[in-house]
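**Q** One structure, pasted below without further comment.
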Amino acid sequence: MGKRDRLSGNEAIALAMKGMNLDVVAAFPITPSTEIPQYFSQYVANGETDTLFIPVESEHSAMSACIGAQAAGARASTATSSCGLALMYEMLHVGASLRLPMTMACVTRALTGPINIHNDHGDAMGARDTGWIQLYAENAQEAYDNYIMAVKIAEDKQVLTPVMACQDGFITSHAVENIELLSDEEIGKFVGLYEPAEYLLNEEEKVAMGPYDAPAYLMEHKRQQAEGMMQALPVIEKVAAEFAALSGRHYGLIEEYQTEDAERILVVLGSTAGTAKQVIKNLRAKGEKVGLVKIRSYRPFPAAAVAKAIKKAKAVAVMDKAEGMSGIGGPLFGDICVAMNGLGGPRLIDYMYGLGGRDVRPEHIEAVYRDLAAAMAGKADEEQLIKKAGPYYRYLALREE
Amino acid sequence: MKQKGIEINDRVSWQNITLAGAVYGGGTAKQFATGDWRSMRPVMVWEKCKQCLLCAPVCPDSSIPVEAGKRLDFDYDHCKGCGVCVQVCPFEAILFKKEEK
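First to last, the sequence lines map onto chains A and B. For what it's worth, my numbering labels the leading residue of the first sequence as 166, then goes sequentially. For what it's worth, my numbering labels the leading residue of the second sequence as 2, then goes sequentially.
Listed below in structure tokens is the structure:
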């Protein structure tokens, strides 16, 4: 069985990196992911791994170095946050469209501005359309587990799509938790060796990657890329099953908590799921039928699983930790609306919450469940609330007149 | 062009096109006639040519074939009309004319 230790999410990721048979890690320091390359480069310096660590001059270069390495035939990974991820933006598209199965530990943080170094999902949501698979972790254990599974998901022949394993900046990246670790040997055996079908350093078969794609071809390649993303849904479940056999820890595309008979459900990404579970325990003790859906795989979006989990509820709160500036709610809300398109189902309300590291406390989550109760009770009860906060697009714990 | 048994043209489906547009093998540019990009056309004046061969190595597109120590006429399927050969010729043996369709 695994070894138990007290580690932060960043320490856990650096340890996972050591066991993953990585050929290249290229990274640049950026709060709050800085510790990952910091700890990892110590392992390299101490000779504990033979991975080539490239201390690049920017995140654009970090992603470019990973792309070059992976195209050459190496297994490459990086870590970043916030403006670092934003600086990678161009290359994220390049790597994903080249179908290079790289991995990234993304430690989510607000994007400036105004300047802020704390957690929200503004950075990762900015990368949600780049063609990378995105997994979101509730705690350090899940961040560690997701990052290890990411390699196998990305490299699956049906998928060949890079994976971003996201965890919440500071909340899980810096908080020290009890976690269960696998040995380097176990991780190494689980991920295996990288054996690409085609790579630039293959003397036997010459290949040119990333040629100019004229109007007669790009649409076909985009459809092909979308297929890899869609095929990732069953592969994420398959890899999770293999991981469960190794670790005893089970993960799905989503995690349902007390949804069976729930009338009111919260849909959430990341660490707030932990806070919500505690609130649900308290409210359930008082007989309230409340539940939670935690989205683990955000890209690809498991629409069918989400719809199945929430369609019998009466009111659902979608928790968005990124202001998409669409004027009609956050990005997760949009995805949930697509998932429910044509299915009828519950009243959906979006909550913008926790932006720029704003504390998310149990009483805030309780307030959301209270709002949902009002939504269920019908117009008279909710009239005041709608007048104050609007019918479906609201801010949680916002100071206002 | 054929790639791993797959014909690459504007009729190939997304299921059958090579992954991410990868091009297999080497020297495949030869299979694409790109001469129609040309707006200016280099034209040989053979009686002025001394076969000094200064032109062939400066061509960025291998469009001046050389055989048995002598240059041949331009490969107009691939020459893009950059005019470097015109500039480098010491004998004014290459004219540079407007391409007419």
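Where is the CB? At the ideal position from N, CA and C, for every residue including glycine. Remember, it's a predicted structure, so these values are computed and weren't measured experimentally.
1. Just to confirm the assignment, what range does the beta strand (DSSP E) spanning Tyr560(A) have?
2. Whose C-alpha, out of Arg264(A), Arg414(A) and Ala469(A), is nearest the C-alpha of Asp321(A)?
3. Quick one: Cα of Phe33(B) to Cα of His79(B), how far?
4. Check for me: the alpha helix (DSSP H) holding Ala330(A) runs from which residue to which?
5. Can you look up Cys60(B) in the DSSP assignment and give me helix, strand or coil?
6. Helix, strand or coil for Met269(A) per DSSP?
7. Give every residue of the same chain whose Cβ lies closer than 6 Å to the Cβ of Thr347(A), excluding the five residues on either side of it in the sequence, and list them in chain order.
8. Check whether the region 402-421 of chain A touches the region 325-344 of chain A, counting contact only when three or more Cβ pairs, one atom from each stretch, lie closer than 8 Å.
9. Give a yes or no on contact between the region 295-302 of chain A and the region 325-339 of chain A, applying the rule of three or more CB pairs nearer than 8 Å.
10. For the alpha helix (DSSP H) containing Met41(B), name the first residue and the last one.
11. Considering only residues of the same chain and omitting the five flanking positions on each side of Lys473(A), which have a CB-CB separation below 7 Å?
12. Under the rule that 16 or more other beta-carbon atoms within 10 Å means buried, what is Arg12(B), buried or exposed?
13. Kindly list the residues whose CB is nearer than 6 Å to the CB of Lys442(A), restricted to its own chain and excluding five residues on each side of it in sequence; keep chain order.
14. Using Cβ-Cβ distances below 7 Å, what residues of the region 357-372 of chain A are close to chain B?
15. Straight-line CA distance for Glu494(A) to Val432(A)?
16. Any idea which residues DSSP pairs Ala480(A) with across the strands?
17. Please name the residues in the region 65-81 of chain B whose beta-carbon is closer than 9 Å to at least one beta-carbon of chain A, in chain order.
18. Enumerate, from N- to C-terminal direction, the unbroken alpha helix (DSSP H) stretches of 4 or more residues contained entirely within the region 185-218 of chain A.
19. With DSSP as the reference, label Asn343(A) as helix, strand or coil.
20. May I ask which residues mark the beginning and end of the alpha helix (DSSP H) holding Glu402(A)?
21. Checking 9 Å against the spacing of the C-beta atoms, do Ser246(A) and Asp310(A) come in under that value?
22. Given a cut-off of 9 Å on the beta-carbon distance, is the pair Lys98(B) and Val44(B) in contact?
23. Chain A partners of Asp62(B), CB-CB under 7 Å?
24. For Asn367(A), count neighbouring Cβ atoms within 10 angstroms of its own Cβ and tell me buried if that reaches 16, exposed if not.
25. Count the CB pairs spanning the region 9-28 of chain B and the region 368-381 of chain A that are closer than 8 Å, and state whether there are at least three.
26. Can you check whether the CB of Pro266(A) is closer than 9 Å to the CB of Leu187(A)?
27. For chain A, find out if any of its Cβ atoms is closer than 9 Å to the Cβ of Gln52(B); answer yes or no.
28. Whose CA, out of Val444(A), Met290(A), Ile551(A) and Ile232(A), lies closest to the CA of Phe498(A)?
29. Establish whether the CB of Leu252(A) and some CB of chain B are separated by less than 9 Å.
30. Show which residues of chain B have a CB atom less than 7 Å away from the CB atom of Ala381(A).
31. Along chain A, which residues have their Cβ under 8 Å away from the Cβ of Ser14(B)?
32. Relative to the C-alpha of Pro91(B), which candidate in Ala30(B), Val46(B) and Phe75(B) has its C-alpha closest?
33. Expressed to the nearest angstrom, what Euclidean distance is found between the alpha-carbon atoms of Asp536(A) and Asp294(A)?
34. Report all residues from its chain with a CB closer than 6 Å to the CB of Tyr312(A); omit the five preceding and five following residues, and keep chain order.
35. Taking Glu345(A) as the reference, which of Pro220(A), Thr196(A), Ala241(A) and Asn304(A) has the closest Cα?
36. Tell me whether the region 453-460 of chain A and the region 248-259 of chain A touch, counting them as touching only if at least three CB pairs, one residue from each stretch, are closer than 8 Å.
**A** Here's the rundown:
1. Tyr558 to Tyr560
2. Arg264(A)
3. 8 Å
4. Ala330(A) -> not in any alpha helix (DSSP H); beta strand (DSSP E) instead, spanning Val328 to Asp333.
5. coil
6. strand
7. According to the sequence as given, residue 347(A) is Leu; it is not Thr. Only Gly167 meet the Cβ criterion.
8. no
9. yes
10. From DSSP, Met41(B) is part of no alpha helix (DSSP H) but of the beta strand (DSSP E) over Met41 to Met45.
11. none
12. exposed
13. Tyr422
14. Glu363, Glu370, Lys371 and Val372
15. Reading off the sequence shown, one finds Gly at residue 494(A), where the question assumed Glu. If you take the alpha carbons of Gly494(A) and Val432(A), they lie about 14 Å apart.
16. Arg429(A) and Arg512(A)
17. none
18. 200-210
19. strand
20. Leu383 to Ser412
21. no
22. yes
23. Going along chain A, no residue has its Cβ under 7 Å from Asp62(B), so there is no contact; the nearest lies around 16 Å.
24. exposed
25. yes
26. no
27. no
28. Met290(A)
29. no
30. Asp11
31. Glu385
32. Val46(B)
33. 31 Å
34. Ile178, Ala181, Ala270 and Ala330
35. Asn304(A)
36. no
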